[in-house]
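Protein chains: 2
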Amino acid sequence: MAAPLPRDPIADAQRNWEEHGWADVAPPMAAITAIMRTQQILLARIEGALKPFGLTFARYELLALLSFARSGELPMNKASALLQVHPTSVTNAVDRLEGSGLVTRSPHPTDGRTTLIELTAEGRIVAKRATAVLNTEVFGQSGFDAADVDQLIRILGTFRRNAGDFAD
Amino acid sequence: MAAPLPRDPIADAQRNWEEHGWADVAPPMAAITAIMRTQQILLARIEGALKPFGLTFARYELLALLSFARSGELPMNKASALLQVHPTSVTNAVDRLEGSGLVTRSPHPTDGRTTLIELTAEGRIVAKRATAVLNTEVFGQSGFDAADVDQLIRILGTFRRNAGDFAD
DNA sequence: GCAATATACTAGGACATCCAAGGGTTTGGA
DNA sequence: TCCAAACCCTTGGATGTCCTAGTATATTGC
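Residue numbers (my numbering), protein chains in the order written: chain A, 6 to 173; chain B, 6 to 173.
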């Protein structure tokens, strides 16, 4: 998108924070800002890898979740909870995946309120192929070394637990 | 948004990856997914803290950037580069900040193509107050301990440099 | 058994981000 | 000098996310 900057803007921000008397919160500010920016970079890579499949990250996540479900189907509210996104976001994703013929909606056999999302045969194939590309092009070339990956999993896992994501 | 899950969905995904023969990329997959989710949690906290000011994170970042500029003004393309966002996003943010009376647009004195963004007096006050709230409510209670903050800054700093964010 | 409450999904609106395209300005080479 | 290429910003279109509200179905309590 843009040429590399001559200097790290987040390090500059950290310096500004220190100079304005907020030295105590300057490091967490820098860490949080770095997380925001890193997410942006990773999302761009992921969406780039998924573009040939006509998928976005949101739709891929739903597809992958379904492909790991034993029966290949899941209630919408379950998907919303597992993906940690708003129910309306799932509705949106399902609308488009259904339009592409990758999933279908069907009524829940016993609960009339619930809608089941089910992978189609094509959806299962696309999920498999997209995962293979993500594995080789993104996850396999993350740029994090093994030790740092472990650190990230540990640090962010603790954070998410404390934030109330899961009980464990 | 949702009740805590009984188990960590990212740890489950990592297990699924291992069981499907992708054990080599399972850890980076988990780390990257954790970054995506952590960003989501942090963004929600930040936007919550900024809501009373009528600001979003995107608009706050622009406001903060201007408040640190000596003259309190910056060309749009400079802001776009420093914030690492698309020029149209800056246009959008400036439109709204201008509508709220926090910034003004003015023509560049020598380059007719360039538009300068300038903080208003009120904009400067709002930036100061919003920063104070963010410092106490978000950065001051990040949930990361000091050692982990250092790790994050180091790991993500290396990643961003390798990704071409900055040369340093 | 029926009303009140809770749950599940969808519709419409507000924002933010990106891409593609267009109009004005500046720069540099023929 | 002059015109093409490069640059800057804005507009319009597509996507995703969240919130609020509304409809339909289940469950609970009197």
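For every residue, glycine included, the Cβ atom is placed at its ideal position computed from N, Cα and C.
Simplified DSSP assignment, three categories, for residue i
i: Val90(B); result: coil
i: Leu70(B); result: helix
i: Pro9(B); result: coil
i: Ser147(A); result: coil
i: Thr125(A); result: coil
i: Leu60(B); result: coil
i: Ser85(B); result: helix
i: Pro14(B); result: helix
i: Arg110(A); result: strand
i: Thr120(B); result: strand
i: Gln19(A); result: helix
i: Leu157(B); result: helix
i: Thr141(A); result: helix
Neighbourhood of residue i by C-beta, 7 Å cutoff - its chain only, sequence neighbours within 5 removed
i: Glu66(A); result: Leu88
i: Glu142(A); result: Ala54
i: Glu23(A); result: Ala31
i: Asp173(A); result: Arg166
i: Leu48(B); result: Phe62
i: Asn97(A); result: none
i: Arg64(A); result: Ala98, Arg101 and Leu102
i: Gly104(A); result: none
Beta-carbon neighbours of residue i, restricted to chain B and to distances below 8 Å
i: Ile46(A); result: Phe164, Arg165, Ala168 and Asp170
i: Ile2(A); result: The requested residue 2(A) does not occur in the structure, where chain A is confined to residues 6 to 173.
i: Gly26(A); result: Correct list: empty, because the minimum Cβ distance to chain B is about 10 Å.
Contacts of residue i in chain B (Cβ-Cβ under 7 Å)
i: Phe144(A); result: Val30, Pro33, Met34 and Ile37
i: Leu67(A); result: Under the 7 Å cutoff, chain B gives no residues; its nearest Cβ is about 13 Å from Leu67(A).
i: Phe73(A); result: Asn21
Contacts of residue i in chain A (Cβ-Cβ under 7 Å)
i: Met81(B); result: Within 7 Å Cβ-Cβ: nothing; Met81(B) doesn't reach chain A, min ~13 Å.
i: Ile122(B); result: Here the premise fails: no neighbours, minimum Cβ distance about 17 Å.
i: Leu60(B); result: Correct list: empty, because the minimum Cβ distance to chain A is about 15 Å.
i: Val154(B); result: Pro32, Pro33 and Ala36
i: Thr125(B); result: What Thr125(B) touches in chain A: nothing, since even the nearest Cβ is about 20 Å away.
i: Leu2(B); result: What the structure shows of chain B is the stretch from 6 to 173, and residue 2(B) is not part of that stretch, so it cannot be assessed.
i: Arg12(B); result: Phe171 and Asp173
i: Ser76(B); result: Residues of chain A passing the Cβ test: none, with the nearest at roughly 15 Å.
Sequence-distant residues of the same chain with beta carbon closer than 8 Å to residue i, five excluded per side
i: Leu68(A); result: Leu60, Leu102, Leu107, Val108, Leu124, Gly128, Val131, Ala132 and Ala135
i: Pro92(B); result: Met81, Asn82 and Ser85
i: Phe171(A); result: Arg165
i: Ala16(A); result: Ala35
i: Pro57(B); result: Val138
i: Phe73(B); result: none
i: Gly77(A); result: Leu71, Glu123, Leu124 and Arg129
i: Trp27(B); result: Met34
Residue i beta carbon near the ligand ATP (any heavy atom closer than 8 Å)
i: Pro57(A); result: The ligand ATP is absent from the structure shown, which contains no ligands of any kind.
Neighbour list for residue i in chain A, Cβ cutoff strictly below 8 Å
i: Pro114(B); result: Ordered by position in chain A, no residue passes the 8 Å Cβ test against Pro114(B), which lies about 24 Å from the chain.
i: Gly117(B); result: Correct list: empty, because the minimum Cβ distance to chain A is about 22 Å.
Spatial neighbours of residue i in its chain, beta-carbon cut-off 6 Å, leaving aside the 5 residues before and after
i: Met6(B); result: Any answer about Met6(B) is weak, because its pLDDT of 47 lies below 50 and its placement is not dependable; what the coordinates show is given next. The answer is none, since no qualifying residue turns up.
i: Ile51(A); result: Phe62 and Val143
i: Gln19(B); result: Ala31 and Ala35
i: His25(A); result: none
i: Pro112(A); result: none
Closer than 9 Å at the beta carbon, the chain B residues around residue i
i: Gly128(A); result: What Gly128(A) touches in chain B: nothing, since even the nearest Cβ is about 17 Å away.
Check your understanding: Using a beta-carbon distance cut-off of less than 9 Å, what residues from the segment 90-111 of chain A approach chain B?
Key -> Val90 and His91
Check your understanding: Is the segment 152-165 of chain A close to the segment 144-161 of chain B, with three or more CB pairs under 8 Å?
Key -> yes
Practice item. Would you be able to state if there are at least three C-beta pairs under 8 Å between the segment 119-134 of chain B and the segment 73-84 of chain B? Key: yes
Exercise for review: Evaluate contact between the segment 36-46 of chain B and the segment 150-159 of chain A, counting only Cβ atoms and requiring at least three cross-stretch pairs below 8 Å.
Suggested key: yes
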